[in-house]
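K.L.:
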Amino acid sequence: MNNFQDTYPIVDFEPDIDQETRNDYRFYFISKGKKDIYKAIQYEYLEELNNAPLFNLGFGDLDADAEDLLDQSVSGNDDHYKVFYTVLNTMPRLFLMHSDATILVQGSDSTPEFIAKCKANCTRGCDNEECKKAHRRIKIYRHFVDKNFDTLNSEYDFFGGVTLNKYQNAEPYQKGEKYISVLVKRKTPYYEN
Amino acid sequence: MKINDEIKLKFADERKLKETPATISQYEVLKLIAHRFKDVKPLFPTISRMGREFAASIKPASILLK
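If you read the sequences in order, they're chains A and B. So the first sequence is numbered by the numbering used here: it starts at 6 and just counts up by one. So the second sequence is numbered by the numbering used here: it starts at 208 and just counts up by one.
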């Protein structure tokens with residue numbers, strides 16, 4: 006996931022990076038399109054899972070004027086692949102610091118609140134059908150994993166979850182399944198002595 | 208002070224700004240932004256809440272390495 010050529014330069018400023026400490030890790034870059042948009046990527050440490058750290062991937066825009074962060078915004082800067090690959094490029098950096106980490110990926114448009122709000126102001130004629138705007142973010146990740154699964158699977162293990170907020174099993178990732186949670190782990194730690 | 212005001216203040220000297228390579232100035236902007244958000248935890252509350260709910264409900268054994 007670190008071989009993409011068309012990505013933005015990333016800067017990280019997390020001080021005192023220590024492999025023994027469970028930090029949050031943050032990366033920043035600027036999306037260049039119709040306008041410059043400051044972007045942030047956060048790997049938020051959640052807890053120990055199977056004696057290894059579980060990190061939650063968050064990503065969104067920084068609104069410098071409002072001093073706010075937007076994880077539900079749609080930028081419309083016509084560079085979504087470049088932005089997406091830039092986000093993916095940070096995953097190996099996290100695995101370099103925590104080779105046994107699990108990264109959780111979800112989309113902020115998968116929540117019941119998002120779907121309820123969307124349906125209340127529906128412009129897509131969803132009526133009683135499934136909300137067409139829901140789950141679009143995780144679909145981008147799923148599509149990438151589905152498309153590159155055979156290559157990625159040699160280096161990473163993927164798991165998928167199909168529900169939110171219920172006691173659940175994640176299952177070994179199967180291409181084409183409509184997961185709303187995707188987990189990724191490295192198969193083998195980078196540095197084994 | 209708003210971030211943009213800080214940036215303007217930082218680069219108030221136009222001559223200095225013109226002499227500063229674009230990449231350096233962008234790095235400075237990002238550094239300033241990162242500093243301003245340093246104590247904001249988590250950065251993304253919606254996705255953070257989702258992650259914590261997931262972590263509370265997942266059965267750890269289901270994602271053991273194969």
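Even for Gly, the Cβ is constructed at its ideal location relative to N, Cα and C.
1. Can you round the beta-carbon distance between residue 108(A) and residue 48(A) to whole angstroms, since I take them to be within the 8 angstroms contact cut?
2. Can you grab the Cα-Cα spacing for the pair residue 104(A) / residue 238(B), in whole Å?
3. Need the endpoints of the beta strand (DSSP E) that residue 258(B) sits in, please.
4. Could you name the residues of the same chain whose beta carbon sits closer than 7 angstroms to that of residue 192(A), not counting the 5 residues immediately before and after it, in chain order?
5. Please tell me whether residue 99(A) has its Cβ less than 8 angstroms away from any Cβ of chain B.
6. If I measure Cβ to Cβ from residue 136(A) and keep anything under 7 angstroms in the same chain, skipping five residues before and after, which residues do I get?
7. At 8 angstroms on the CB atoms, spell out the chain B contacts of residue 212(A), in chain order.
8. Could you pull the DSSP bridge partners for residue 97(A) from this structure?
9. Any idea what DSSP makes of residue 228(B), helix, strand or coil?
10. Just the C-alpha distance for residue 129(A) and residue 118(A), rounded to the nearest angstrom, thanks.
11. Closer than 7 angstroms between beta carbons: that is the criterion. Which residues of the stretch 92-125 of chain A meet it against chain B?
12. Would you list, in chain order, the members of the stretch 135-158 of chain A that have their beta-carbon closer than 8 angstroms to a beta-carbon of chain B?
13. Sort out for me which residues DSSP pairs residue 32(A) with in a bridge.
14. In terms of residues, what are the limits of the beta strand (DSSP E) holding residue 190(A)?
15. Which residue from 151(A), 166(A), 82(A), 100(A) puts its Cα closest to that of residue 38(A)?
16. From what residue to what residue does the alpha helix (DSSP H) around residue 163(A) run?
17. Interface residues of chain B around residue 16(A) at Cβ under 8 angstroms?
18. Kindly indicate which residue of 28(A), 42(A), 113(A), 15(A) has the alpha-carbon position closest to the one of residue 234(B).
19. Using only alpha-carbon positions, find the residue among 46(A), 41(A), 188(A) that is nearest to residue 244(B).
20. How far does the beta strand (DSSP E) with residue 150(A) in it extend, from its first residue to its last?
21. For the alpha helix (DSSP H) that contains residue 118(A), what are its first and last residues?
P.N.:
Put simply:
1. Right, their Cβ atoms sit about 7 angstroms apart.
2. For residue 104(A) and residue 238(B), the gap between their C-alpha atoms comes out near 27 angstroms.
3. Per DSSP, residue 258(B) is not a residue of any beta strand (DSSP E); the alpha helix (DSSP H) it occupies stretches across 252-264.
4. Cβ neighbours of residue 192(A) beyond the five flanking positions: 160, 161, 162.
5. Not an interface residue.
6. Same-chain partners within the cutoff: 120, 123, 124.
7. No information on residue 212(A) is available, as it lies outside the stretch 6 to 198 that chain A covers here.
8. Paired residue(s): none; residue 97(A) is not in a bridge.
9. Only weak support is given to the placement of residue 228(B): the predicted model assigns it a pLDDT of 49, under 50, and the question is left unresolved by the model.
10. A straight-line Cα-Cα distance of about 18 angstroms links residue 129(A) and residue 118(A).
11. Of all residues in the stretch 92-125 of chain A, 107, 109, 111, 113, 116 have a Cβ within less than 7 angstroms of some Cβ in chain B.
12. Residues of the stretch 135-158 of chain A with a C-beta atom less than 8 angstroms from some C-beta of chain B do not occur.
13. For residue 32(A), which the question treats as bridged, DSSP gives the partners 17(A), 46(A).
14. Note, residue 190(A): beta strand (DSSP E), 186-191.
15. When only C-alpha atoms are compared, the closest one is 82(A).
16. The continuous stretches of alpha helix (DSSP H) do not include residue 163(A), which lies in the beta strand (DSSP E) extending over residues 161-166.
17. The answer, in chain order, is 234, 237, 238, 241.
18. Comparing Cα positions, the closest option is 15(A).
19. Measuring C-alpha to C-alpha distances from residue 244(B) to each of 46(A), 41(A), 188(A) identifies 46(A) as the nearest.
20. Here residue 150(A) belongs to no beta strand (DSSP E); instead the alpha helix (DSSP H) covers 141-157.
21. According to the DSSP assignment, residue 118(A) belongs to the alpha helix (DSSP H) that extends over 117-125.
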